[in-house]
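Here's the structure, in structure tokens; my notes come after.
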């Protein structure tokens, strides 16, 4: 028996005897002496032809089979090459399915999708989600590693939350209480100040938000970067935009039509939050909320507006007010009631949050106090600021100039 | 002022005015009018020359400075190019250090290393640990992605442990109890059976082992792979060996001397656990333990033996007895009191564990019962075996053969 051939490679094996392994996705008995099977493996789907007495022994759908046969040109449009089966082995039978999974769309509700998750994942639409995710993550890593970033893995079991204790899962840590990290923020900054300057992480984060909306997740994979010696929040937005633009061509090439991904986009507009609020007021008659923040509906509308005005359903919002940003956000250079921070909104969802950090210890301590945080509990984090943080310009001091 | 130049790139800027930013690692005042500074950035170290009145204003060690000056050829052996400083800005001062970090070795105990972690990480020896880790992980991802593996991220908050509840951290999950995943095992298998066939993960795992040994960790990053349609445990060992061999040349090139990493190694010997026990008995006079397992000292000795006999301090041990392997381990083809499993032992430490899985539902259920596990609690995992698992040969059944 020959080595296994993936169905995507069948065309390179026409006229050869091949072994194919996979899941029986569809069966069609044409007569007592002719049947067609579609078998799926990780590379795609292939058509198998059973003739003679073998056409009467069709395995149940989703059974796993190994077939051996001749790869030949087919008259089928969907499958230019098919396999004339000479022998078939049942590697693993399938029980009868709770619902069909061989339709173009999986026509079942979320409850069944959850309950039969491994089965539903065999549907090409679900498979694609994972493949897109892989492509984004691997590109992210290559992109930033190529720019001198170090890939790091920060602790997930922590003693203190990033934002001061809200929305943390607590863990029984040998009788003590520990928490699941809601962000790698502190550790990223510590690593930047530890001399690495540029770090990135692809890792789990946890948020104890009891929810049922698409804007909340208890557990997700966060793509994080952190850099030192940055003076302008536009540098960060430039970097993110450059990353996105470098990602699109390969995503478009592989999944373009299926996920409506273009190969290039116009520049993403950048708006101060206040400007965005004015636009929402003028264009959509919405009054800004009292804390100056933008709500989910506002994020949806400003994405619509960006699509109409700039041809891209994304917008960088910057200059968020201090009270709605974390204690470590750097106050605005021009207006210190604001921050040098930004969010990237895409199709109505915040997909990134970023900003310059307060790297000077006295104002950082002051900011913690204002929020009722006890600096003693954060000494593990604050220490790096005592021994030379690779800051932006906010705490610079000329030693001499010739 | 020119753009920043990394110190590793200074030689390409000789004769130019450059800006350098970094940490003041060493200072040496030669006279009232001449001083040398060594500044470190993420790329390495550079020598700065202060002359005239500027030589009297030396910043404290580990302060972060930005200097501007002329890059010139130096007579120093360590630094072929140095910067004649014209101006220096203090970006962030450092308090006085608890201990010197500019020695070839950091001469402090573990307690101080823990307490001053961000500071200690600036030492090149600690920096290297992170850089080696990055190189291994990125290579791992590229290697397996290149062989048709999908990068996945499995849940870390789980309802049931992989091995049946031991050594799990418990999490308060909105009033219920959840656990931190001690391994992605179940999810890897489910994804393989969901049609992906080959998956890998780089992710956090958690073990509630109260410890103070180098063989235990509460939290670590696990590099995992899982494949379907595998029939021989040697295939898995081949794959791992191929991965290791592909990794060594680049590790050797970048870190070889510092971490004693060769660019190639002889084939790694493969021993049944029983053979290893005989060797330990004959060569080192050690009697095997009653459960047939090998202990830490045995792992250390068998690595020594492999180094002596095969020129590599690593050994694959296989054919572990069933009682000391998980319930999902496939029983041995030739002897069903053993398993088709292996560990890779390197310098006395188990660095990998692997094996073929039981993919047929009835014996899998039987194995769970024997260990007192309630299959109902594992239905989320067992489901994939009902609907066609991409198995090895253990449950095959010929449908027909022409």
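Chains as they are written, first to last, in the numbering used here: chain U, 1 to 402; chain Z, 1 to 402. Each residue gets a CB set at the ideal place from its N, CA and C atoms; glycine is no exception.
Here's the rule I'm using: 16 or more other beta-carbon atoms within 10 Å means buried, otherwise exposed. How should residue i be labelled?
{"i": "residue 284(U)", "result": "exposed"}
{"i": "residue 25(U)", "result": "buried"}
{"i": "residue 395(Z)", "result": "Summary for residue 395(Z): the model assigns pLDDT 48, below 50, so the residue's position carries little reliability; its value from the coordinates is reported in the next sentence. Buried: at least 16 other Cβ atoms inside 10 Å."}
{"i": "residue 193(U)", "result": "buried"}
{"i": "residue 296(Z)", "result": "exposed"}
{"i": "residue 154(U)", "result": "buried"}
{"i": "residue 210(U)", "result": "exposed"}
{"i": "residue 114(Z)", "result": "exposed"}
{"i": "residue 189(Z)", "result": "buried"}
{"i": "residue 224(Z)", "result": "buried"}
{"i": "residue 279(Z)", "result": "buried"}
{"i": "residue 159(Z)", "result": "exposed"}
{"i": "residue 208(Z)", "result": "buried"}
{"i": "residue 422(Z)", "result": "Here chain Z covers residues 1 to 402 and nothing more, so residue 422(Z) does not appear."}
{"i": "residue 1(Z)", "result": "Reliability fails at residue 1(Z), whose pLDDT of 48 lies under 50, so the model's placement of it is uncertain and no value is given."}
Thinking residue i and residue j are a contact (beta carbons under 8 Å), I'd like their distance in whole angstroms, please.
{"i": "residue 151(U)", "j": "residue 141(U)", "result": "6 Å"}
{"i": "residue 135(Z)", "j": "residue 250(Z)", "result": "7 Å"}
{"i": "residue 298(Z)", "j": "residue 308(Z)", "result": "Not confirmed; about 15 Å, so no contact."}
{"i": "residue 79(Z)", "j": "residue 46(Z)", "result": "6 Å"}
{"i": "residue 219(Z)", "j": "residue 204(Z)", "result": "6 Å"}
{"i": "residue 351(U)", "j": "residue 344(U)", "result": "5 Å"}
{"i": "residue 388(Z)", "j": "residue 23(U)", "result": "6 Å"}
{"i": "residue 58(Z)", "j": "residue 19(Z)", "result": "Not a contact, Cβ separation roughly 19 Å."}
{"i": "residue 342(Z)", "j": "residue 316(Z)", "result": "5 Å"}
Is residue i close to chain U? Criterion is C-beta to C-beta, closer than 9 Å.
{"i": "residue 174(Z)", "result": "yes"}
{"i": "residue 383(Z)", "result": "yes"}
{"i": "residue 327(Z)", "result": "no"}
{"i": "residue 145(Z)", "result": "yes"}
{"i": "residue 182(Z)", "result": "no"}
{"i": "residue 378(Z)", "result": "no"}
{"i": "residue 334(Z)", "result": "no"}
Between which two residues does the alpha helix (DSSP H) harbouring residue i extend?
{"i": "residue 125(U)", "result": "124-145"}
{"i": "residue 47(U)", "result": "Run containing residue 47(U): none in the alpha helix (DSSP H); it sits in the beta strand (DSSP E), 44-51."}
{"i": "residue 368(Z)", "result": "361-370"}
{"i": "residue 298(Z)", "result": "296-310"}
{"i": "residue 233(Z)", "result": "233-259"}
{"i": "residue 276(U)", "result": "273-284"}
{"i": "residue 317(U)", "result": "Here residue 317(U) belongs to no alpha helix (DSSP H); instead the beta strand (DSSP E) covers 314-318."}
Checking 9 Å against the spacing of the C-beta atoms, do residue i and residue j come in under that value?
{"i": "residue 236(Z)", "j": "residue 355(Z)", "result": "yes"}
{"i": "residue 243(Z)", "j": "residue 131(Z)", "result": "no"}
{"i": "residue 322(U)", "j": "residue 314(U)", "result": "no"}
{"i": "residue 101(U)", "j": "residue 90(U)", "result": "no"}
{"i": "residue 72(Z)", "j": "residue 21(Z)", "result": "no"}
{"i": "residue 358(Z)", "j": "residue 327(Z)", "result": "yes"}
{"i": "residue 121(Z)", "j": "residue 191(U)", "result": "yes"}
{"i": "residue 75(U)", "j": "residue 144(U)", "result": "no"}
{"i": "residue 42(Z)", "j": "residue 116(U)", "result": "no"}
{"i": "residue 202(Z)", "j": "residue 221(Z)", "result": "yes"}
{"i": "residue 406(Z)", "j": "residue 63(Z)", "result": "Because chain Z is modelled from 1 through 402, residue 406(Z) falls outside the range shown and cannot be assessed."}
{"i": "residue 156(Z)", "j": "residue 180(Z)", "result": "yes"}
Mind pulling the chain C residues with CB within less than 8 Å of residue i?
{"i": "residue 305(U)", "result": "Of the protein chains in this structure, namely U and Z, none is chain C."}
Does any residue of chain Z have a CB that is nearer than 9 Å to the CB of residue i?
{"i": "residue 155(U)", "result": "yes"}
{"i": "residue 240(U)", "result": "no"}
{"i": "residue 390(U)", "result": "yes"}
{"i": "residue 406(U)", "result": "Within the shown structure, residues of chain U are numbered from 1 to 402, placing residue 406(U) beyond reach of any answer."}
{"i": "residue 161(U)", "result": "no"}
{"i": "residue 6(U)", "result": "yes"}
{"i": "residue 3(U)", "result": "no"}
{"i": "residue 107(U)", "result": "no"}
{"i": "residue 21(U)", "result": "yes"}
{"i": "residue 167(U)", "result": "no"}
{"i": "residue 130(U)", "result": "yes"}
{"i": "residue 102(U)", "result": "no"}
{"i": "residue 92(U)", "result": "yes"}
Could you spell out where the beta strand (DSSP E) holding residue i opens and where it closes?
{"i": "residue 22(Z)", "result": "17-31"}
{"i": "residue 291(Z)", "result": "Unbroken run through residue 291(Z): none, as it is neither H nor E."}
{"i": "residue 380(U)", "result": "That residue, residue 380(U), is in no beta strand (DSSP E); its alpha helix (DSSP H) goes 379-386."}
{"i": "residue 82(Z)", "result": "81-92"}
{"i": "residue 223(Z)", "result": "219-227"}
Tell me whether residue i counts as near the ligand FMN, meaning its Cβ is closer than 8 Å to at least one heavy atom of that ligand.
{"i": "residue 216(U)", "result": "Absence of the ligand FMN is noted for the structure shown, with no ligands found whatsoever."}
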